[in-house]
Amino acid sequence: TYNQLISAHGVTMIFFFVTIFLTGIANYLVPIMIGARDMAFPRVNLLGFWLVPVSILLYYGGFFTGGALDAGWTGYAPLTEKAYQGHSLGVDFWALSIIVWAISGIMASTNFLTTIVALRAPGMKLTRLPLFVWAQISTSILLLVVGAPLAAAMILVEFDRQLGTQFFTTQGRPVLYQHLFWFFGHPEVYIMILPGFGMISEIIPVFARKPIFGYMSMVAALFGIVFLSMTVWAHHMFTVGMNTYVEGFFMLMTMLIAVPTGIKFFNWIATAWWGSIEFTLPMKFAFGFLATFLIGGITGVYLASVPVDTQLHQSYYVVAHLHYVLFGGSVFTIFAGIYYWFPKITGRLLSRTLGEWNFWTLFVGFNGTFLIMHTLGLEGMPRRIATYANPAWATTNLIITASSFLIAFSVLLFFINVIRSWRGGEIAGDDPWRGNTLEWATSSPPPPYNFAKVPPVRSFMPLRDLRESGEIAAEPKPEPAPA
């Protein structure tokens, strides 16, 4: 049961929460940001959407077939063999679920790319696209490249289980499965964080009251990450006995991917430097992202080293690193994006008081949960174990558990905030933040067609241009919404 729950946690958060949620946000924002009325293929969009609940139901249906997947969210072979799973169909339901998920993602990626290429407003050259749209382009390219190998791996898993083939069995090549999975699995990390990078690149300039520093270098860094992310997958496999030169190559490429990420960090900080910073809730979550993701990036450089990774492999250090990258890089950016675009979507502001509680309980709870996991990993505590023999770890794990409840409390506050504000929050107006991009030029919430007339686009900050030229007036800055 413990292994099934741990596996469900990973599958749910990675496949069914972060990726799906970010795709939904992009589906709403990309057309309106480029001055389009809808996605290029609405019916394909709808089909891709309805494949998501099919995928979710397939996976959770495995719990009613004698037991769900219990080999971790990665589903390592040969643990997925029938010899290790008994008569349970949970692995089959998981494999089918991931195949459906991959098809949905490929359809969405094709739709995003077509929409951005074909439906941009007059004057919106590629060099004038908002950085969030560039982030979605890079994400879509990644998913198009790595989604098919993931689906192929799941099909071969089913062949082994149902047709008696020997692709990944103990008589076959179990390590081949790891290559196929991680060729998807590591780019998937960036599929989950690149849209967040795009959100931060929109939020920081607005509340620093400065243009983004190094627009073209930000775009180049995105595509640097896309390319390099497909050359680092085997750093998850340093313990499988690869050739020393191969290990050296993947170690080098893993360290090298820190360069484009570092460029983005430098540009975000340079944008905020000497800016007229307004510490709104979106900006606080953006700074929370910078702090937490930085720790994840630094710990990742250590794990890129073959000797260090060999010692820390499958330990709580890896769990801590992963959550600083994914929680810091995805969840904090999701909260920042929601607080930033909620007024546009609903026409109402979220409560500032509840939002402050939401931010600080999340920030403290997250760091209390995962920061000290690094210590447990260095002390040798392995992950995915239901109990442990070392009594010295008990106090640390108690602190982790208490802090995780603080995260849950923070999320509860967020939902209360959303429900209360949606029903009776302060009216936001069309442009409460004095934003830079086209979505703030239409009403809040936008009409179904987004724009009756698209404003002129002269740069990647069209609304800022119009305000500075006096063609539109800035809305008065709203007062914080009451609790």
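Take 8 as the starting number for the sequence shown in our numbering and just add one per residue.
Each residue gets a CB set at the ideal place from its N, CA and C atoms; glycine is no exception.
Being a predicted model, the structure only gives us computed values, none of them experimental.
Taking the alpha carbon of residue i as the point to measure from, which residue in the options has its own alpha carbon closest?
| i | options | result |
| --- | --- | --- |
| W280 | L420, F119, P218, L288 | P218 |
| V308 | G130, H243, S411, T81 | H243 |
| T30 | Q11, T87, L201 | L201 |
| G73 | V98, V253, S116, G205 | V98 |
| V164 | A84, R427, I110 | A84 |
| I392 | I41, D77, N52 | D77 |
| V239 | P194, F230, A227 | P194 |
| W275 | T287, V140, L297 | L297 |
| Y67 | L96, T278, F234 | L96 |
| L65 | R471, M40, T19, V25 | T19 |
| K271 | P289, S224, M290 | S224 |
| F294 | V325, F370, Y35 | F370 |
| V140 | I41, K89, V196 | I41 |
| L120 | W80, A109, S145 | S145 |
| F273 | L301, M258, A241, V253 | L301 |
| P523 | T251, I426, I113 | Outside the modelled stretch of the chain, which goes from 8 to 490, sits residue 523, for which no answer is possible. |
| L58 | G69, F23, I39, Q92 | F23 |
| F166 | K89, T287, S111, L333 | K89 |
| T278 | W440, A265, F220 | F220 |
| V430 | A327, Q321, T353, T368 | A small fix is needed here, since residue 430 is Arg in this sequence, not Val. Looking at the Cα atoms, T353 is the closest of the given residues. |
Mapping DSSP to helix, strand and coil, what is residue i?
| i | result |
| --- | --- |
| R471 | helix |
| A75 | strand |
| R50 | helix |
| S145 | helix |
| S417 | helix |
| S451 | coil |
| R168 | helix |
| P389 | strand |
| I302 | helix |
| T19 | helix |
| R355 | strand |
| S337 | helix |
| I434 | strand |
| S236 | helix |
| S466 | coil |
| S322 | strand |
| P38 | helix |
| M258 | helix |
| M380 | helix |
| G282 | coil |
| K460 | coil |
| S312 | coil |
| A293 | helix |
Look at the alpha carbon of residue i and the alpha carbon of residue j, and state the distance between them as a whole number of angstroms.
| i | j | result |
| --- | --- | --- |
| R390 | W400 | 13 Å |
| V37 | W447 | 13 Å |
| S14 | F28 | 20 Å |
| A488 | S358 | Confidence in A488 is poor, its pLDDT being 49 and thus under 50, which makes the residue's placement too unreliable to answer from. |
| G304 | L310 | 10 Å |
| L445 | S208 | 15 Å |
| F422 | T449 | 27 Å |
| Q173 | T87 | 12 Å |
| G282 | H381 | 35 Å |
| M206 | E475 | 23 Å |
| A490 | F204 | Confidence at A490 is low in this model, with a pLDDT of 47, below 50, so the placement of that residue is unreliable and no value is reported for it. |
| Y9 | H16 | 11 Å |
| F373 | N365 | 12 Å |
| H330 | E478 | 46 Å |
| L350 | I341 | The sequence given here places Pro at residue 350; Leu does not occur at that position. C-alpha separation (whole angstroms): 15 Å. |
| D316 | Y395 | 22 Å |
| L420 | Q178 | 52 Å |
| I284 | L183 | 50 Å |
| G375 | F339 | 15 Å |
| L473 | V418 | 38 Å |
| S411 | Y323 | 15 Å |
| P398 | L133 | 58 Å |
| V247 | I32 | 38 Å |
| T251 | T261 | 15 Å |
| L151 | V25 | 18 Å |
| P454 | P60 | 27 Å |
| N457 | V253 | 51 Å |
| A142 | F292 | 19 Å |
If you pair each beta-carbon of the segment 208-215 with each one of the segment 183-195, do three or more pairs fall below 8 Å?
no
Evaluate contact between the segment 455-475 and the segment 381-390, counting only Cβ atoms and requiring at least three cross-stretch pairs below 8 Å.
no
Under 8 Å, with one C-beta from each stretch per pair, do the segment 342-358 and the segment 402-413 reach the 3-pair mark?
no
Would you call the segment 107-127 and the segment 35-50 in contact, with 3 or more CB pairs under 8 Å?
yes
Assess, as a yes-or-no matter, whether the segment 50-57 is touched by the segment 226-239 under the definition of 3 or more beta carbon pairs within less than 8 Å.
no
Counting Cβ pairs closer than 8 Å, one from the segment 97-111 and one from the segment 152-161, do we hit at least three?
yes
Where in the segment 145-224 do unbroken runs of the beta strand (DSSP E), each at least 3 residues long, occur, reported from the N-terminal end onward?
none
Residue ranges of each alpha helix (DSSP H) run of no fewer than 4 residues wholly in the segment 72-143, ordered along the chain?
89-92, 97-125
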